[in-house]
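**Q** There's a structure below that I have some questions on.
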Amino acid sequence: CSSPPPPRRARIPYNAGMNTYFLVKHLHQLAAVILIAAFVIRGLFMLAGSAALQRRWVTIVTHVNDTVLLVSALYMAFVIGFQDWVIAKLVGLVVFVGLGIVALKRGRTKGIRTAAFLAGLLLLAYLVAVAVKKRVVPF
207 CSSPPPPRRA
217 RIPYNAGMNT
227 YFLVKHLHQL
237 AAVILIAAFV
247 IRGLFMLAGS
257 AALQRRWVTI
267 VTHVNDTVLL
277 VSALYMAFVI
287 GFQDWVIAKL
297 VGLVVFVGLG
307 IVALKRGRTK
317 GIRTAAFLAG
327 LLLLAYLVAV
337 AVKKRVVPF
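Residue numbers for the sequence shown follow this note's numbering, beginning at 207 and rising by one.
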């Protein structure tokens, strides 16, 4: 029984502009932290039944941040290539959006919204682990 080889480290082409790549990478990481914090706060608003969840500026800020996160992710994916772990993160992001919609807006009951919120938190933990380990199964 041999263990699988370690994951390949993505090579960043020199002509892609190292400074640009790392700037985008840090912007992406910041957007991810904001996304996690906003999801937790909005989830707590949902659990408390707060009207703050429905404020227009909350929706606008989260949509802008989500756009920054997605655009930066796609830029980095094109630079380093669509490796299996990158594809797992993109698919996970789509699933997370669906869970977020159910948790924060479309869930018919508080129980359904709570379950979707908790599933979204677990999925975020998986996505962070994939990003750190660069493996589809990071645990």
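Glycine is no exception: its CB is placed at the ideal position from the N, C-alpha and C atoms.
Predicted, not measured: the structure shown is a model, and the values here were computed from it.
Identify the continuous alpha helix (DSSP H) that holds Thr265 and give its terminal residues.
**A** It spans Arg262 to Ile286 - the alpha helix (DSSP H) in which Thr265 sits, taken as one unbroken run.
**Q** Helix, strand or coil: how does DSSP classify Val297 here?
**A** Three-state DSSP puts Val297 in a helix.
**Q** Helix, strand or coil: which one does DSSP assign to Gly255?
**A** The answer is coil: DSSP assigns Gly255 none of H, G, I, E or B.
**Q** I need the straight-line Cα distance from Thr226 to Gly298, nearest angstrom please.
**A** The alpha-carbon atoms of Thr226 and Gly298 are separated by roughly 25 Å.
**Q** Taking the alpha helix (DSSP H) that Lys339 falls in, what are its first and last residues?
**A** Where Lys339 is concerned, the enclosing alpha helix (DSSP H) stretches over Lys316 to Lys339.
**Q** Tell me whether the beta-carbon of Thr268 lies closer than 9 Å to the beta-carbon of Leu241.
**A** Yes, the pair counts as a contact, with Cβ atoms nearer than the cut-off.
**Q** Determine, using beta carbons only, whether Leu327 and Gly255 come nearer to each other than 9 Å.
**A** Their beta carbons are not under 9 Å apart, which means Leu327 does not touch Gly255 by this criterion.
**Q** Give the single residue among Val343, Ala337 and Pro344 whose Cα lies nearest to the Cα of Val360.
**A** The chain is shown from 207 up to 345; residue 360 falls before or after that span and cannot be answered.
**Q** Just checking my contact of Ala237 with Val274 at CB under 8 Å: how many whole Å lie between their CB atoms?
**A** Yes, Ala237 and Val274 are in contact; Cβ-Cβ is about 5 Å, under 8 Å.
**Q** Is the beta carbon of Ala309 sitting closer than 9 Å to the one on Ala322?
**A** Their beta carbons are under 9 Å apart, which means Ala309 touches Ala322 by this criterion.
**Q** Taking the beta carbon of Gly306 as the centre, do at least 16 other beta carbons fall within 10 Å, making it buried, or is it exposed?
**A** With 16 or more other Cβ atoms within 10 Å, it is buried.
**Q** Within this structure, are the beta carbons of Phe272 and Val303 separated by less than 9 Å?
**A** It should be noted that the sequence gives Asp, not Phe, for residue 272. Cβ distance < 9 Å, so Asp272 and Val303 count as in contact.
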